[in-house]
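To keep things clear, I will list the structure first and then write my remarks on it.
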Amino acid sequence: AEMCYISVGLGHGLLFGCLCLFTVAGGLAVPYIVRMAKAHGGSNSDFWYSARESQAWWSIALSICATSAGAWLLYTPGEAAYHGGWWGVIGYTVAIFLGPLVMAFAAPMFRDQMPDASNVTDWVGQRFGRGPQVYVTVVLIYYMFIYLVGQLKTMGDMTVKFYGKEPEWGIVPVALFTMAYTMIGGLPASIMTDWAQAVAILIFVVIICITLFTEVRFSSTEWNAVSKGNPDAGWDAFVALCISVFGAEVFNLAFWQRIYAARDTQQLQRGFLAGAGMVSFITFLFGVCGLLLKANDMRQNGACPPEGAPIYVPAFTFFEILDMPGTTEFTRALVFLLAVCTIASCADSFQ
């Protein structure tokens, strides 16, 4: 298809290759579960579900990073930058840090009050009774269902966009592979795959951003215009993002599970803060990319005749990199790999 960015063979190879690697990593969690359960004197089933008090800060940090860094990174930081300028970029960067920050300092109380719990719903049941527990559980499942469906839908969009195959070629493999290795290895499998996914996401983002920085061209006038954005919309975006993203993050059951997986309170707090810092860093880079691409778009469409199509949908700002003259197939493949890693990391954590 004329709008494809990589070949069908390469697309399938990257998608199924990544999923197979994640599945192997998830399978390695089985002997790990048995060994750690014996070491901690607990049951295999409890460790399968909770990975209780076993993870060091770096493991929690990478897991928080991979769990939080979903496909939204490809859309919303660029959109916030497009509308709000630096206010939007800083707002998203701060907002994504707030949830883990608050949880890092509130979580020890939950661990102390109910040390044998596995999630916040257990604490709600003990503290407020069965009715509130059911209500909170339904709300959390509803939120996570929407999030998971959004991730899978995006994977379908990526297969259509990058190599012209039907959405089910992306949706079904990601759903099945992530379900398989989380069924086999439980939470330890999700955490172990998070290590690889987080490192891959960080590397891919840095490489893609460096490539983008070398390709965009614009004047100081255009940069000043996009940096300011709409002052009113920028401040509104800052406040709205801090409130809404904080609310979304504290409803993330995957975060609450990792509270009980941390080895102790010190490891928990270090891990949550380091992981949130990683995600904030990635979010900031995507926001800056949004500013650069909008400035480049203003230059292109200020020329006569225009050099390219304007950005019609602000949420798709980041994908302008795919159509830039100097973008290679390698860079386009990295963007696709980044999408696969971000989606798989969220899907296995939420499942």
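The sequence shown runs 977 to 1327 under the working numbering. By construction, the Cβ of each residue, glycine as well, lies at the ideal position given by its N, Cα and C atoms. Since this is a predicted model, take the numbers as computed values, not measurements.
Name, in chain order, the residues that DSSP records as bridge partners for residue i.
i, result
"Q1031", "A1238"
Considering only their Cβ atoms, is the gap separating residue j from residue i smaller than 8 angstroms?
i, j, result
"I1235", "M1120", "no"
"I1297", "K1270", "no"
"G1205", "W1063", "yes"
"M1155", "Q1031", "no"
"A1323", "L1124", "yes"
"L990", "L1313", "yes"
"Q1233", "S1094", "yes"
"R1275", "E1225", "no"
"L1004", "D1170", "no"
"A1027", "I1167", "yes"
"E1055", "P1290", "yes"
"A1045", "S1321", "yes"
"G1161", "I1009", "yes"
"V1065", "A1071", "no"
"C994", "V1316", "yes"
"L1163", "A1250", "no"
"A1216", "L1077", "no"
"A1047", "I1319", "yes"
"I1184", "V984", "no"
"T1043", "A1165", "no"
"L1261", "A1083", "no"
"L1116", "T1097", "yes"
Tell me, please, whether the CB atom of residue i is closer than 8 angstroms to any CB atom in chain B?
i, result
"L1116", "Within the model displayed, chain B is absent; a lone protein chain is all it includes."
If you count every other CB in all the chains shown that lies within 10 Å of the CB of residue i, and 16 or more means buried, which is it?
i, result
"K1137", "buried"
"S1196", "exposed"
"M1085", "exposed"
"Y1068", "buried"
"D1092", "exposed"
"E1142", "exposed"
"Y1139", "buried"
"F1081", "exposed"
"Y981", "buried"
"M1131", "buried"
"G1075", "buried"
"I1122", "exposed"
"Y1111", "exposed"
"T1259", "buried"
"V1100", "buried"
"D1273", "buried"
"G987", "buried"
"T1307", "buried"
"M1159", "exposed"
"Q1102", "exposed"
"S1220", "exposed"
"A1015", "exposed"
"D1299", "exposed"
"G1343", "Since the first and last residues shown for the chain are 977 and 1327, residue 1343 lies out of range."
Start and end of the alpha helix (DSSP H) containing residue i?
i, result
"L1124", "R1106 to Y1139"
"A1156", "E1144 to E1191"
"E1055", "T1052 to Q1089"
"V984", "V984 to G1003"
"N1200", "S1196 to K1204"
"S1352", "Residue numbering for the chain in the displayed model covers 977 to 1327; residue 1352 lies beyond these limits and cannot be assessed."
"D1022", "N1020 to S1026"
- Message: Is it the case that the region 1261-1278 contacts the region 1140-1158, given that we only count it when at least three CB pairs across the two stretches are under 8 angstroms?
- Response: no
- Query: Can we say the region 1046-1061 touches the region 1184-1199, given the rule of at least three CB pairs closer than 8 angstroms?
  - Reply: no
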